[in-house]
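Written out below as structure tokens is the structure these notes cover.
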Amino acid sequence: MKYTFTISVFIFCAVLSRCGSQKKTQYDIASHVTAENKAIFIERAEKGKALYKIYCAGCHGIFTKGKDSIPNFTDIQIDNYHATALIGLDPKNHAVAKKMSSDQIDYVITFLRLRKVKKIKE
Amino acid sequence: MKIFSVIAIIFLTAFCFSFSLQQKKEYNNLYSSSLGEFNNQLTLLSNTIKGADLSHERGRDKIREQIKNSRLKMKGLDFWFRYFEPNVYRRINGPLPVEWENEVFEKFEPPYKREGAGLTLAEQYLDEEIINRDSLASLIASSVAALETFKADSITKNLDSYHHFFLANRLFILNLATLYTSGFECPDTANIIPELQSMLKDVKEIYITFDETFPSTALSKEYLSLYDKTIDFVSKQPLQFSSFDHFGFIKDYVNPLFGINQQFIRSYSVVTKNYNDFTLNNDCNSIFDKSLYSPQNSKGIYSLIEDEKLLTEIKQMGKLLFYDPILSANNLRSCASCHKPTEYFTDTTQATAFQFDHREHLPRNTPSLINVTFNHLIMLDGKHISLQDQAKDVMHNEQEMNNDQKELIKKVVSCKEYKDAFKKFLKYTPEEKEVSLSHIVSAITYYYADFSNYSAPFDGAMNNKKAIPAEAVKGFNLFMSKAQCATCHFAPIFNGVKPPYIGSEFEVLGVPEDTGYKKLSADKGRYNVNPAKETLNAFRTGTIRNSAFTKPYMHNGVFQTLEQVIDLYDVGGGAGKKLTVNNQTLSSDSLRLNKTEKSELIAFIHSLNENIIFENPPPELPKSSDKKLNARKPGGEY
Chain A
308 MKYTFTISVF
318 IFCAVLSRCG
328 SQKKTQYDIA
338 SHVTAENKAI
348 FIERAEKGKA
358 LYKIYCAGCH
368 GIFTKGKDSI
378 PNFTDIQIDN
388 YHATALIGLD
398 PKNHAVAKKM
408 SSDQIDYVIT
418 FLRLRKVKKI
428 KE
Chain B
421 MKIFSVIAII
431 FLTAFCFSFS
441 LQQKKEYNNL
451 YSSSLGEFNN
461 QLTLLSNTIK
471 GADLSHERGR
481 DKIREQIKNS
491 RLKMKGLDFW
501 FRYFEPNVYR
511 RINGPLPVEW
521 ENEVFEKFEP
531 PYKREGAGLT
541 LAEQYLDEEI
551 INRDSLASLI
561 ASSVAALETF
571 KADSITKNLD
581 SYHHFFLANR
591 LFILNLATLY
601 TSGFECPDTA
611 NIIPELQSML
621 KDVKEIYITF
631 DETFPSTALS
641 KEYLSLYDKT
651 IDFVSKQPLQ
661 FSSFDHFGFI
671 KDYVNPLFGI
681 NQQFIRSYSV
691 VTKNYNDFTL
701 NNDCNSIFDK
711 SLYSPQNSKG
721 IYSLIEDEKL
731 LTEIKQMGKL
741 LFYDPILSAN
751 NLRSCASCHK
761 PTEYFTDTTQ
771 ATAFQFDHRE
781 HLPRNTPSLI
791 NVTFNHLIML
801 DGKHISLQDQ
811 AKDVMHNEQE
821 MNNDQKELIK
831 KVVSCKEYKD
841 AFKKFLKYTP
851 EEKEVSLSHI
861 VSAITYYYAD
871 FSNYSAPFDG
881 AMNNKKAIPA
891 EAVKGFNLFM
901 SKAQCATCHF
911 APIFNGVKPP
921 YIGSEFEVLG
931 VPEDTGYKKL
941 SADKGRYNVN
951 PAKETLNAFR
961 TGTIRNSAFT
971 KPYMHNGVFQ
981 TLEQVIDLYD
991 VGGGAGKKLT
1001 VNNQTLSSDS
1011 LRLNKTEKSE
1021 LIAFIHSLNE
1031 NIIFENPPPE
1041 LPKSSDKKLN
1051 ARKPGGEY
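Residue numbers (my numbering), protein chains in the order written: chain A, 308 to 429; chain B, 421 to 1058.
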């Protein structure tokens, strides 16, 4: 009994620690960006992350272990999304994005663009 | 035998296939042959310019004649050109040498300078005293160069499918209602209706060829028969655009055509890749319906909330905040202090509102908040890109509410009613961890935007054929023609947002400082935001809707009556009154409107008074834990 308990506590802690480590996203911001602007970028990206988790991750599950690169948003794709999203071409055909304010779309895209991901070798 | 039949089948298929390919080409061919004809006309024009005697009227008339011929060919291509590449088309048919544009999706970027060239400018240039042959020739050379763009694969590949057709047609119909008959792009007013007639016929040819090439997505009989009636109607109208029945033309022909075309867009599942379409709503069936193009996002941070009950609560909070002077540093001034909800959300008693110090006055007249949602840029100088930004700015502005962001939020949250509500809304806005200024301003904008959803008797006349006074109809016809109002104020909102409804226009009128026209108003307007020669003293074109109730008028509130405003236009603006306005966009010539005509214009303006239902102010404001704040009065005391 004691044995099972210890194991379950251990598993619980392991799960908890994983959750904890998932919370913090690393951001990849070019070195020439000033500290002040960096802070602004991260603030916006964090807002995007919060929105993403609730409104996007259901289909674009980048927070699930092992699926970090699904969908494989490349930088260019994200930039294109950014442009078309702001233009309004894409959101019109997208059930969630079309409801977002342009600020919110900007947050989400900033998050996607800046978060550090393992680059897939081309 | 078997082999023979197989071969026969192959041949038959190949034949059918080649036939269908050939058919596909017909529509394409019409495009390239029209383009070729236009190109020839431009070559002829260039040669005429080379050989003409520019010092004599006779030489100039020769050029004018050739411009006229070229214009007719150009009008036949307008259907495609304006939709495919409006900015390149500006070098063929640009009404102004320089235009500063700020389109919806570019609003995060500085405005673009668009240079015009081509036939309209060449025609105007011919009226100058001294003409430089090279300058004139370069205007046309520019058009010839621009034509190359329209031959590019990236553009002609659109012609291979039906999608672009209904979207280009939509733009064409919208321009029939707003642009083609107003003379905006046609300096010689005698040519407006003849050009319209020729254009309608050319587009008929486009229709027929399209139907042959794309039989499965053809225009319906209903549409084509109404279009034929339209051509017939125009051919029976007087050739002078001032006696043309603009009202009947739009009400009985253009607007119904628009409705049918919108049905095609939906039923043929038309897909767009063109930025000309992105504000237009496919579900709207009338040009005079406010859902025609997407307005400003009034929900702001609450955009993702759809629960009606919750939205009603947000609106209620917005209303309380709108009337609550807690938003100003001294707890005396609310939004409603200047935007009085009983006075069409403006202040009809003062030219410009008091500054925060309650002594000096602000430089600009308080704008009505009704229909502001239909502006792509906010403020008369277009300083802001969203309603929420504007609201935030007012709260910080030292001359207006003079508030500190943190202090403001602290004060608002000190009221239990606000605190509870915002804590609840917070759950739906995951991007913010605490109550933010965005929560406050978005509630306010969401509240007042509701008052922009009403319609006017004029809309009823256009949409449901309800009667409006005959005087108002005459006024509309003047509005569209002789009085030249429609060259800047476009349906459906009658503001400066013109088809395809992606940018806001700014104009320089030469508005005086005083009613005696002694001095030009010192306000630099758009120049403050986008400094350029053309933007000095320019202001965003406002809406005409409800203007009968939103006095005083102009950016500085200098005029008290609509008569005074019409007189400003009638005399040719500030320049017409001998003020020095080098970049006035309004012609300095008199419009020569007589008394009856002016009163008809005013009758039309009255037909745009919306049947708005105003609300009473809240009886009391939320109580704060800070007792000093509880002396606040709904609406404030300014």
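Ideal Cβ placement from N, Cα and C applies to all residues, glycine included.
If you're wondering where the values come from, they're calculated on a predicted model, not measured in any experiment.
Could one say the Cβ of residue i lies closer than 8 Å to chain B's Cβ atoms, at least one of them?
i	result
residue 361/A	yes
residue 358/A	yes
residue 411/A	yes
residue 304/A	Since the displayed chain A opens at 308 and closes at 429, residue 304/A lies outside it and no answer follows.
residue 280/A	In this structure chain A extends from 308 to 429, so residue 280/A is not present and cannot be described.
residue 423/A	no
residue 331/A	no
residue 334/A	no
residue 345/A	no
residue 414/A	yes
Does residue i have its Cβ less than 8 Å from a Cβ in chain A?
i	result
residue 721/B	yes
residue 717/B	yes
residue 851/B	yes
residue 724/B	yes
What number of angstroms, rounded off, separates the C-alpha of residue i from the C-alpha of residue j?
i	j	result
residue 1034/B	residue 1049/B	28 Å
residue 858/B	residue 721/B	6 Å
residue 739/B	residue 877/B	28 Å
residue 578/B	residue 682/B	19 Å
residue 556/B	residue 542/B	6 Å
residue 1058/B	residue 771/B	15 Å
residue 691/B	residue 586/B	10 Å
residue 576/B	residue 793/B	36 Å
residue 570/B	residue 917/B	26 Å
residue 641/B	residue 896/B	31 Å
residue 824/B	residue 816/B	6 Å
residue 538/B	residue 796/B	28 Å
residue 696/B	residue 480/B	37 Å
residue 1051/B	residue 835/B	13 Å
residue 646/B	residue 620/B	12 Å
residue 680/B	residue 632/B	19 Å
residue 960/B	residue 949/B	12 Å
residue 358/A	residue 763/B	40 Å
residue 665/B	residue 1015/B	21 Å
Given residue i, which residues of its chain have a CB within under 6 Å of its CB, disregarding the five upstream and five downstream residues?
i	result
residue 995/B	930, 1001, 1004 and 1008
residue 549/B	none
residue 891/B	1020 and 1023
residue 947/B	955 and 956
residue 466/B	560
residue 377/A	Model confidence at residue 377/A stands at a pLDDT of 47, short of 50, so the residue's coordinates are unreliable; what they give is reported in the following sentence. Counting only Cβ-Cβ distances below 6 Å, and skipping sequence neighbours, we find nothing.
residue 508/B	566 and 569
Quick one: what's got a C-beta closer than 7 Å to residue i's C-beta in the same chain, skipping five residues either side?
i	result
residue 811/B	861, 864 and 865
residue 551/B	474 and 545
residue 874/B	1030, 1031 and 1032
residue 326/A	Because residue 326/A sits at a pLDDT of 48, beneath the cut-off of 50, its placement in the model cannot be relied upon, and the following sentence gives the value as read from the coordinates. Taken in chain order, the list of residues that qualify is empty.
residue 483/B	468, 469, 472 and 546
Apart from the five residues on each side of it in sequence, which residues of its chain come closer than 8 Å, Cβ to Cβ, to residue i?
i	result
residue 617/B	651, 654 and 655
residue 328/A	The pLDDT assigned to residue 328/A is 45, lower than 50, so where the model puts this residue is not dependable; a value taken from the coordinates is nonetheless given after this. None.
residue 1061/B	A query on residue 1061/B cannot be resolved here, the shown segment of chain B reaching from 421 to 1058 and no further.
For a test of your reading of the model: does the CB of residue i fall under 7 Å from any non-hydrogen atom of the ligand ATP? Yes or no.
i	result
residue 486/B	As presented, the structure is devoid of all ligands, the ligand ATP included, so that no description of it is given.
Could you tell me whether the segment 711-731 of chain B touches the segment 797-806 of chain B, using the rule of 3 or more Cβ pairs below 8 Å?
A contact is defined here as three or more CB-CB pairs under 8 Å, and the segment 711-731 of chain B meets this definition with respect to the segment 797-806 of chain B.
To test your reading of the DSSP string, which unbroken alpha helix (DSSP H) runs of 4 or more residues are found completely within the segment 796-866 of chain B?
Runs found: 807-816, 825-833 and 836-846.
Unbroken alpha helix (DSSP H) runs of length 4 or more, entirely within the segment 561-612 of chain B: which are they?
Those alpha helix (DSSP H) runs which fall completely within the segment 561-612 of chain B and span 4+ residues are 573-576 and 583-598.
Three or more beta-carbon pairs under 8 Å between the segment 844-857 of chain B and the segment 1010-1019 of chain B, yes or no?
The segment 844-857 of chain B vs the segment 1010-1019 of chain B: no contact.
Are three or more beta carbon pairs between the segment 729-745 of chain B and the segment 691-706 of chain B nearer than 8 Å?
With a cut-off of 8 Å on Cβ pairs, the segment 729-745 of chain B is not in contact with the segment 691-706 of chain B, counting fewer than three such pairs.
Count the C-beta pairs between the segment 592-601 of chain B and the segment 669-687 of chain B that are closer than 8 Å, then say yes if the count reaches three, no if not.
Verdict: yes, contact present.
Whether or not the segment 769-783 of chain B and the segment 925-939 of chain B are in contact is what I'm after, with contact meaning three or more pairs of Cβ atoms, one per stretch, closer than 8 Å; do they touch?
As far as the Cβ criterion goes, the segment 925-939 of chain B does not touch the segment 769-783 of chain B, which means the pair count is below three.
Count the C-beta pairs between the segment 757-771 of chain B and the segment 1040-1047 of chain B that are closer than 8 Å, then say yes if the count reaches three, no if not.
Touching, no.
What ranges does the alpha helix (DSSP H) occupy inside the segment 1004-1046 of chain B, keeping only unbroken runs of at least 4 residues that lie completely in it?
1015-1026, all fully within the segment 1004-1046 of chain B.
Restricting to runs no shorter than 3 residues, where is the beta strand (DSSP E) found entirely within the segment 654-708 of chain B?
Runs of the beta strand (DSSP E) inside the segment 654-708 of chain B: none found.
Could you give the uninterrupted runs of the alpha helix (DSSP H) lying entirely in the segment 869-930 of chain B, keeping only those of 4 residues or more?
If we require 4 residues or more, the alpha helix (DSSP H) runs fully inside the segment 869-930 of chain B come out as 877-884 and 890-900.
So within the segment 770-800 of chain B, which uninterrupted alpha helix (DSSP H) runs reach at least 4 residues, ignoring any that extend past its ends?
The DSSP assignment places no complete alpha helix (DSSP H) segment of no fewer than 4 residues inside the segment 770-800 of chain B.
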